[in-house]
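Enquirer: In this text, residue positions in the sequence shown follow the numbering used here: the first is 57, and each later residue adds one.
Pasting a structure here, questions to come.
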Amino acid sequence: MAAAIPSELQSSAPGDAVIRVEDVHKYYELGETRVHALRGVSVEIRRGEFLAIMGASGSGKSTFMNMLGCLDKPTSGKYFLDGIDVSEHDKKELAYIRNQKLGFVFQGFNLLARTTALENAELPTLYTKVHKSERTKRATEALAMVGLANRSDHFPSQMSGGQQQRVAIARALVNRPSILLADEPTGNLDTRTSVEIMEIFQRLNDQGLTIVLVTHELDVAHFAKRTLIFRDGKIRKDEPVLNRPIASEVLKTLPTLED
């Protein structure tokens, strides 16, 4: 059984804005052509929310996610992360902010093949001043949170796709971020395993962790509490999810697959 998330990961002030984006524009110069990726986006994401971002290819959702993750900067406008205006920070400062405040989960698990689950989960702590014993403790706790306490010594080749994605989630949690950013985290997974991953996200969110998820799958987006739909660089819809399914209940209706 998965462990509860530690108090450091839980929201101490649910409801206040952890992300605030104000009139953000982003464009790229491709030769003599200017490509507008974001056109005046303004949005607020409150602490403890579970938000899904959707949109067709070229809609601006990936550019927006990169900006939220401090991987890119707006051409104009403001981006406040946990009360900090990160719009003007340089690359070194943004790297520090990413490591301290954000956890990332991707479609590709991006695990080191010759490294155990525990060592993979520890990786982000190597860029901090956390002592080795504390790094191991945090990684062990993170693996327990995703239900892999008994797989810490396994290598990626010894684990299923779903288990590898759980290790990736544990790695994202190990530095105790303010926000978990997940970019198509179920894209390489079958239906049941996808729901298992969403059950982990719902459980983490229920315990206070803010989650922002990019997906092209409507069934996956429905597990969030709110959806943003991008088109042509703008937010066209911003609405709560009605009749939100509970992943743990959905799992009871799905056939069990060989793990």
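All C-beta atoms, glycine included, are put in the ideal place defined by N, C-alpha and C.
1) Give me the Cβ distance between Glu105 and Lys293, rounded to the nearest whole Å; I'm assuming they're in contact under 8 Å.
2) For Ser98, does the three-state DSSP call read helix, strand or coil?
3) For the beta strand (DSSP E) containing Lys82, name the first residue and the last one.
4) Within a Cβ cutoff of 6 Å, which residues of the same chain sit near Asp288, ignoring the five residues on either side of it in sequence?
5) Are the CB atoms of Ala177 and Val230 within a distance shorter than 9 Å?
6) Can you tell me whether Ala181 is buried or exposed? The criterion is at least 16 other CB atoms within 10 Å of its CB, across all chains shown.
7) Can you give me the C-alpha to C-alpha distance between Thr131 and Lys157, rounded to a whole angstrom?
8) For Gly217, report the span of its alpha helix (DSSP H) as first-last.
9) Counting C-beta neighbours from all protein chains within 10 Å, is the total for Ile75 16 or more, i.e. buried, or is it exposed?
10) Suppose you measure from the CA of Leu107 to the CA of Pro241; what does that come to, to the nearest Å?
11) In angstroms with no decimal places, state the Cα-to-Cα distance between Arg248 and Glu255.
12) Rounded to whole angstroms, how far is the Cβ of Thr119 from the Cβ of Lys82, which I believe are closer than 8 Å?
13) First and last residue of the alpha helix (DSSP H) that includes Ile256?
14) Tell me whether Pro296 sits in a helix, a strand or coil according to DSSP, three-state version.
15) Give me the Cβ distance between Leu167 and Gln220, rounded to the nearest whole Å; I'm assuming they're in contact under 8 Å.
16) Here's a check: name, in chain order, each residue in its chain whose Cβ is nearer than 6 Å to the Cβ of Ser67, leaving out the five neighbours to either side.
17) Determine which residues share a DSSP beta bridge with Val268 and list them.
18) Using only alpha-carbon positions, find the residue among Thr89, Met215, Phe257 that is nearest to Thr171.
19) Taking the C-alpha atoms as reference points, what is the distance between Val99 and Val77?
Expert: Let me spell this out:
1) In fact, because the Cβ distance is near 16 Å, the residues do not count as touching under 8 Å.
2) strand
3) 73–86
4) none
5) yes
6) For the record, residue 181 in the displayed sequence is Thr; it is not Ala. Result: buried.
7) 22 Å
8) 217–229
9) buried
10) 14 Å
11) 11 Å
12) 6 Å
13) 247–262
14) strand
15) 6 Å
16) With a pLDDT of 42 at Ser67, under the threshold of 50, the modelled position of this residue cannot be trusted, and the question is left open.
17) Leu107, Leu237
18) Met215
19) 5 Å
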